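In my numbering, the protein residues as written are 11 to 145.
Right, dumping it as structure tokens:
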């Protein structure tokens, strides 16, 4: 199975953080799965680190290197991923409370590339997309 990790999941996996749920850890560690990290996550880390380095002490270049060393595959942002954002379906009767552009792009990338999007962000449960796996 192809997995696309959200930014928190990447950091938690690389730092062996206890907040990474066991089930997600098992999926990431399975040799049957291909784990992707998005350049959108590197961009998110760069933006958040420059804005508030105390809250986001991570460096996008180092995170990229650790991802590659861990065997994660890079996923670049393609025009088709941007266009897929509008195609994300919202559950009937729900409103999108999360308009975070990074989360929306990551979900669209996962859908467009046939990946499971591994996230902890509960606001993404408002999407009616089978590709989103909340942990």
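Note that beta-carbon positions come from the ideal geometry of N, C-alpha and C, so glycine has one too.
Source: prediction; values computed, not measured.
Segment contact: the segment 31-45 against the segment 55-71, fewer than three CB-CB distances shorter than 8 Å; contact not assigned.
Three or more Cβ pairs closer than 8 Å define a contact, and the segment 17-35 meets that threshold against the segment 63-77.
Around the C-beta of residue 64, fewer than 16 other C-beta atoms lie within 10 Å, and the residue is accordingly described as exposed.
An exposed status is given to residue 140, since fewer than 16 other beta-carbon atoms sit within 10 Å of its beta-carbon. About 4 Å separates the beta carbons of residue 138 and residue 101, which is inside the 8 Å limit, making them a contact pair.
Only exposed fits residue 80, as fewer than 16 other CB atoms lie within 10 angstroms of its CB. For residue 78 and residue 96, the gap between their C-alpha atoms comes out near 30 Å.
Checking the DSSP bridge columns, you'll see residue 48 partnered with 85.
Here the C-alpha atom of residue 93 lies approximately 31 Å from the C-alpha atom of residue 40. Put simply, of 116, 49 and 11 the residue whose alpha carbon is nearest the alpha carbon of residue 43 is 11. For the pair residue 91 and residue 85, the Cα-to-Cα distance works out to about 11 Å. Counting the other CB atoms within 10 Å of its CB gives residue 27 a total below 16, which places it among the exposed residues.
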